[in-house]
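Sequences listed follow chains A and B, in order. All residue numbers for the first sequence refer to the working numbering, where the first residue is 1 and numbers rise by one. All residue numbers for the second sequence refer to the working numbering, where the first residue is 488 and numbers rise by one. A virtual CB, placed ideally from N, CA and C, is assigned to each residue, including glycine. Every value quoted in this text rests on a predicted model; they were computed, and no experiment measured them.
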Amino acid sequence: MSNVTLRIDEHTLTAPKGSLLIQVMLDNGLSIPHFCYHEALEADGNCRMCMVEIEGQKRPQIACNTPIKEGMIVRTTTPSIMQTKRAILELELRNHPVDCPICDQAGECSLQEYYMEVGLYDAHVAKSDKIHKAKHVDLGSHVVLDQERCVLCQRCVRFVHDKAKSADLVVTGRGATSVISAVGAFTGNGYAMNVVDLCPVGALTSSDFRFAQRVWFLQSDASICHGCARGCNIHLDHHAIKGGIDTLYRLRPRKNSAVNGHFMCDTGRISYKSLNENRLLEPHVEGHATSFSHTFSLLRRTLDDKSQTIVALVSPHWSLENLASVKLFCARFEIPLFGAHEASIEPSFADEWLRVADRAPNRAGLELLGIDVSPHARDRALSRAQVVLDFGHDATLSSMSTRYYFGTHPHSDAQMQLPVAAYSEESGHLINCDNIVQHYSGSVKRSEPLLSLHALLGLLVMEGAWATQPFWHATLIDMAPSLEGRL
Amino acid sequence: MSHDLVVSARFGIANSHTLIVAQAHGAYTQLSTLLAQPPQSLVQTVIDSGLRGKGGGGAPTGAKWQLLEGQAKPRYLVVNADESEPGTFKDRHIIEHDPHLLIEGILLSCHALEAKAAYIYMRGEYRFWHDRLQSALDEAYGAGILGAHSCDITLHRGAGAYICGEKSALLESLEGYRGQPRLKPHRPEPEWLWGRATIVNNVETIASIPYILYKGAQAYRAMGTKESAGTLLFGLSGHVNRPGVYELPFGMPLLEVIETYGGGIRDGRALKAVIPGGASTPVLTAEQAKNATLSYEGMKLAGSALGTGGMIIMDESTSMVDALDNLLAFYRHESCGQCTPCREGTHWASSIVHDIARRQPRSDALPTLKNIARTINGQTICVFGPAVADVINGFLRNFPQEFA
Numbered sequence: 001m002s003n004v005t006l007r008i009d010e011h012t013l014t015a016p017k018g019s020l021l022i023q024v025m026l027d028n029g030l031s032i033p034h035f036c037y038h039e040a041l042e043a044d045g046n047c048r049m050c051m052v053e054i055e056g057q058k059r060p061q062i063a064c065n066t067p068i069k070e071g072m073i074v075r076t077t078t079p080s081i082m083q084t085k086r087a088i089l090e091l092e093l094r095n096h097p098v099d100c101p102i103c104d105q106a107g108e109c110s111l112q113e114y115y116m117e118v119g120l121y122d123a124h125v126a127k128s129d130k131i132h133k134a135k136h137v138d139l140g141s142h143v144v145l146d147q148e149r150c151v152l153c154q155r156c157v158r159f160v161h162d163k164a165k166s167a168d169l170v171v172t173g174r175g176a177t178s179v180i181s182a183v184g185a186f187t188g189n190g191y192a193m194n195v196v197d198l199c200p201v202g203a204l205t206s207s208d209f210r211f212a213q214r215v216w217f218l219q220s221d222a223s224i225c226h227g228c229a230r231g232c233n234i235h236l237d238h239h240a241i242k243g244g245i246d247t248l249y250r251l252r253p254r255k256n257s258a259v260n261g262h263f264m265c266d267t268g269r270i271s272y273k274s275l276n277e278n279r280l281l282e283p284h285v286e287g288h289a290t291s292f293s294h295t296f297s298l299l300r301r302t303l304d305d306k307s308q309t310i311v312a313l314v315s316p317h318w319s320l321e322n323l324a325s326v327k328l329f330c331a332r333f334e335i336p337l338f339g340a341h342e343a344s345i346e347p348s349f350a351d352e353w354l355r356v357a358d359r360a361p362n363r364a365g366l367e368l369l370g371i372d373v374s375p376h377a378r379d380r381a382l383s384r385a386q387v388v389l390d391f392g393h394d395a396t397l398s399s400m401s402t403r404y405y406f407g408t409h410p411h412s413d414a415q416m417q418l419p420v421a422a423y424s425e426e427s428g429h430l431i432n433c434d435n436i437v438q439h440y441s442g443s444v445k446r447s448e449p450l451l452s453l454h455a456l457l458g459l460l461v462m463e464g465a466w467a468t469q470p471f472w473h474a475t476l477i478d479m480a481p482s483l484e485g486r487l
Numbered sequence: 488m489s490h491d492l493v494v495s496a497r498f499g500i501a502n503s504h505t506l507i508v509a510q511a512h513g514a515y516t517q518l519s520t521l522l523a524q525p526p527q528s529l530v531q532t533v534i535d536s537g538l539r540g541k542g543g544g545g546a547p548t549g550a551k552w553q554l555l556e557g558q559a560k561p562r563y564l565v566v567n568a569d570e571s572e573p574g575t576f577k578d579r580h581i582i583e584h585d586p587h588l589l590i591e592g593i594l595l596s597c598h599a600l601e602a603k604a605a606y607i608y609m610r611g612e613y614r615f616w617h618d619r620l621q622s623a624l625d626e627a628y629g630a631g632i633l634g635a636h637s638c639d640i641t642l643h644r645g646a647g648a649y650i651c652g653e654k655s656a657l658l659e660s661l662e663g664y665r666g667q668p669r670l671k672p673h674r675p676e677p678e679w680l681w682g683r684a685t686i687v688n689n690v691e692t693i694a695s696i697p698y699i700l701y702k703g704a705q706a707y708r709a710m711g712t713k714e715s716a717g718t719l720l721f722g723l724s725g726h727v728n729r730p731g732v733y734e735l736p737f738g739m740p741l742l743e744v745i746e747t748y749g750g751g752i753r754d755g756r757a758l759k760a761v762i763p764g765g766a767s768t769p770v771l772t773a774e775q776a777k778n779a780t781l782s783y784e785g786m787k788l789a790g791s792a793l794g795t796g797g798m799i800i801m802d803e804s805t806s807m808v809d810a811l812d813n814l815l816a817f818y819r820h821e822s823c824g825q826c827t828p829c830r831e832g833t834h835w836a837s838s839i840v841h842d843i844a845r846r847q848p849r850s851d852a853l854p855t856l857k858n859i860a861r862t863i864n865g866q867t868i869c870v871f872g873p874a875v876a877d878v879i880n881g882f883l884r885n886f887p888q889e890f891a
């Protein structure tokens, strides 16, 4: 499609002919108030906030329903268009409770932003004239609705209809007494909580997150959901209250058109809880907490004892860097390493949208690094093993074997346990189900000294370089030349 | 004034709604001849007749039909029988007294449009008329007039929302969705029902088709004015002695119609105001009504619009504040709630006028009301909003002293 050039205020922009004006503005970082338009949903034109002046048009036009044309001249700041926007915003606010201080959306609310920008501080309507609606409707799937805060942009309705294909949110009633309602228990086919992100105001909030933390305190990391092989791009929102531990409060989808678009599933969204809770934080030997040095000396003794049969298992839950470090480590001690992991294949988890049956985030990476994934070879080796170095694999072992476990969470059947950093606390690369290499980085800081698996193994073998990114960058390309240019 | 009756010719005949009586009085007599003609010639006749849509908008029917040119089949005809504009009660008379005229009109229109299926979307509250039309359809099917060889007509009853008379909301509703108007296209194109090119016409428009095709375009054009050809079922309601529906050629003086057909104002009182074409057209003062004629151009000249021709007559005893309060209560209730200016604006305007009616307005009531009307006007998805703005502005402009 050919490009056209247009003018928006003092900016001259070029974009594909027929693109929606609002999207061109958003793509170029120009401010344009809007509630109902969302890139992932079709233009709906109901909020009327994105009014602009277009030269040659008698009336103001909504940018979300205006395809751009060559030579178009758009104005967004003339006194008359500002007056129009102010008037529409005033209508939007007429029945809206101005209760930002107690609203959980405060700080990430479009209505609040426009309100502050436009400054309609003097009400022309008595508080008693506002229409009252239900303040707390538990729709289901952790989604809570405050009908009074709703601006009826219908993003949620359009999302469940067009994207989640569940159609279990609808508008009922009419006129100013219209409300969003759930048809039965709202499930959104497992994607319900996306409506919380889509909601531009504080009408739809997550019962899992609301009132837990003010959003302006949150620090956000660009990460990848580890819940399945899709690898949805996410924001990790976390914060350490003064003197407290750095805690994850929520996961939110991060836009990536090639992977998850703007969305993620509810299972993935709630998966952050396990990163906060029940973590393995100290080395344990025979069920008792001990020091790293003590554990390391026991471990080195075992590794040097050539009379023991040692086998290593690794799961596809680790980053490429961690998998490569396990591979190097095992090669150094000549320990056979196996990576088959049937436990993470869960056909019932798959759906027709984002969820895939493989619950491990990096099976493609594990295979690319040439780790043996034959179940037969693994089972044969395990049947003879006296010591199993278990890197988060959790296979069932025979009573003859002793497990040395490297993981993020405690293991009930391990002689030795070594704690390592979870993905929210480290950086790395994963290869998703579509063979896309993705980078994640997490900066959640625990008070305990948790190391990434590759750094921990580096410490064990006294290779300082194993803690550095450049080393793994080079090593990964060395192990799998096809990664060149993709890391 | 003598003129042909286009849609009400059989209204006075006993049992005119039955097939046998309708046939005895001329229904379907030329149907097979006309169905043998090429569709384009029928479209041409409709273009030549100057027929304009009778649902309120007055758009030329022939030009609308031409939008189907080159569109893939199947195509659909949808008949808008969601008659719910306050003051408007004409379509139901056609359905009540001459449903076969409508059916014949649909058959002819479908042939012209090369459509094999038509849908009639009927106002939910029209239970009696629904049943009557369904009986007529059943009779027509039984007689082999309708069916696979000609076209199928499906009668659908709405759920009682005024907005579903807006054609795109009507189509949404017909498709099974919430009846909300669609965004308007950027260039002329047909409507779309289930993704297929569709024409939506008012009942009376389609009921005018048999006359036009039987008698020819010139016979239709011979009535009315140059810009408003033919006749319209004018409705008279309110403070007149003989409220009712009268088929009259366009162009008659408004006051003459009130006098001659409406029997004058009740109790010999003076005329105060007329809402000329359904609630959504701006109100006229008695003074403005004096020289107004009942045509699209005449009503525009008088400062209002012809709309549906459903006139609401108000005598000197009427409180215009109460009248506006009453009208706005309707709009507040019927705004679909899809777009902000209309959803919030109609509600707010209604409460302000209600406060004025109760003599407890806020000090800024009038400027706020005017601002709301300005914000609603031209900034909504459909024409409901601008209509509300017109209504408010008409009352404030023409009867300022009552709102002071």
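Taking Cβ-Cβ distances shorter than 8 Å, what residues in chain A pair up with residue i?
{"i": "L670 of chain B", "result": "A43, D44, G45, N65"}
Say whether chain D places a C-beta atom closer than 9 Å to the C-beta of residue i.
{"i": "I686 of chain B", "result": "No chain D is present in this structure, whose protein chains are A and B."}
Interface residues of chain B around residue i at Cβ under 8 Å?
{"i": "T84 of chain A", "result": "T862, Q866"}
{"i": "V98 of chain A", "result": "None at all; the shortest Cβ gap to chain B is about 15 Å."}
{"i": "V420 of chain A", "result": "The contacting residues do not exist; V420 of chain A stays about 52 Å from chain B at best."}
Going by CA-CA distance only, name the one from the options that's closest to residue i.
{"i": "L554 of chain B", "options": "B:D578, B:I593, B:A599", "result": "B:A599"}
{"i": "V326 of chain A", "options": "A:L430, A:I345, A:W466", "result": "A:W466"}
{"i": "H142 of chain A", "options": "A:T267, A:C64, A:N276", "result": "A:T267"}
{"i": "S271 of chain A", "options": "A:G227, A:A340, A:L145", "result": "A:G227"}
{"i": "E39 of chain A", "options": "A:D390, A:R48, A:H235, A:M25", "result": "A:M25"}
{"i": "F871 of chain B", "options": "B:L856, B:G543, B:I693, B:K560", "result": "B:G543"}
{"i": "E55 of chain A", "options": "A:R48, A:K69, A:A43, A:C47", "result": "A:K69"}
{"i": "T532 of chain B", "options": "B:G881, B:Y707, B:A816, B:P887", "result": "B:Y707"}
Can you list the residues of chain B that residue i reaches, using a CB-CB cut of under 9 Å?
{"i": "P60 of chain A", "result": "G865, Q866"}
Please report the straight-line C-alpha distance between residue i and residue j, rounded to a whole angstrom.
{"i": "L522 of chain B", "j": "G549 of chain B", "result": "18 Å"}
{"i": "R300 of chain A", "j": "L460 of chain A", "result": "8 Å"}
{"i": "D639 of chain B", "j": "L720 of chain B", "result": "27 Å"}
{"i": "Y132 of chain A", "j": "A126 of chain A", "result": "Position check: residue 132 of chain A holds His in this sequence, whereas Tyr was assumed. Approximately 13 Å, taken between the alpha carbons."}
{"i": "L624 of chain B", "j": "G796 of chain B", "result": "28 Å"}
{"i": "H235 of chain A", "j": "L248 of chain A", "result": "11 Å"}
{"i": "K560 of chain B", "j": "W552 of chain B", "result": "14 Å"}
{"i": "L281 of chain A", "j": "S293 of chain A", "result": "15 Å"}
{"i": "I699 of chain B", "j": "Y515 of chain B", "result": "14 Å"}
{"i": "E53 of chain A", "j": "L451 of chain A", "result": "56 Å"}
{"i": "N488 of chain A", "j": "I224 of chain A", "result": "Nothing can be reported for residue 488 of chain A: it is not among the residues displayed for chain A, which extend from 1 to 487."}
Using the beta-carbon count (16 or more within 10 Å), is residue i buried or exposed?
{"i": "W681 of chain B", "result": "exposed"}
{"i": "I241 of chain A", "result": "exposed"}
{"i": "M82 of chain A", "result": "exposed"}
{"i": "N189 of chain A", "result": "buried"}
{"i": "I859 of chain B", "result": "buried"}
{"i": "G824 of chain B", "result": "buried"}
{"i": "I335 of chain A", "result": "buried"}
Which residues of chain A have a Cβ atom closer than 9 Å to the Cβ of residue i, listed in chain order?
{"i": "N858 of chain B", "result": "A87, E90, H124"}
{"i": "D812 of chain B", "result": "Those do not exist, as D812 of chain B stays about 16 Å from chain A at its closest Cβ, beyond 9 Å."}
* Any alpha helix (DSSP H) of 4 or more consecutive residues that is wholly inside the segment 728–788 of chain B -> 741–747, 773–777
* To do: Write down every uninterrupted run of the beta strand (DSSP E) in the segment 45–71 of chain A whose length is 3 residues or greater and which is fully enclosed by it, in chain order.
  => 51–54
* Within the segment 155–234 of chain A, note down every full alpha helix (DSSP H) run reaching 4 residues or more, in order along the chain. => 155–162, 194–198
* Within the segment 71–146 of chain A, ranges of the alpha helix (DSSP H) (whole runs, at least 4 residues) -> 79–94, 110–118
* Give, in chain order, every unbroken run of the beta strand (DSSP E) that is at least 3 residues long and sits entirely within the segment 608–648 of chain B. => 639–644
* Runs of beta strand (DSSP E) wholly within the segment 286–316 of chain A (minimum 3 residues, chain order) -> 310–314
* **3-residue-minimum beta strand (DSSP E) runs that sit fully inside the segment 644–732 of chain B, ordered along the chain** => 678–680, 683–689, 718–725
* Can you list, in chain order, the stretches of the beta strand (DSSP E) that have 3 or more residues and sit fully within the segment 386–460 of chain A? -> 387–391, 402–407, 416–419, 427–431, 437–441
* Which runs of the alpha helix (DSSP H) spanning at least 4 residues fall entirely within the segment 815–861 of chain B, listed in chain order? -> 827–844
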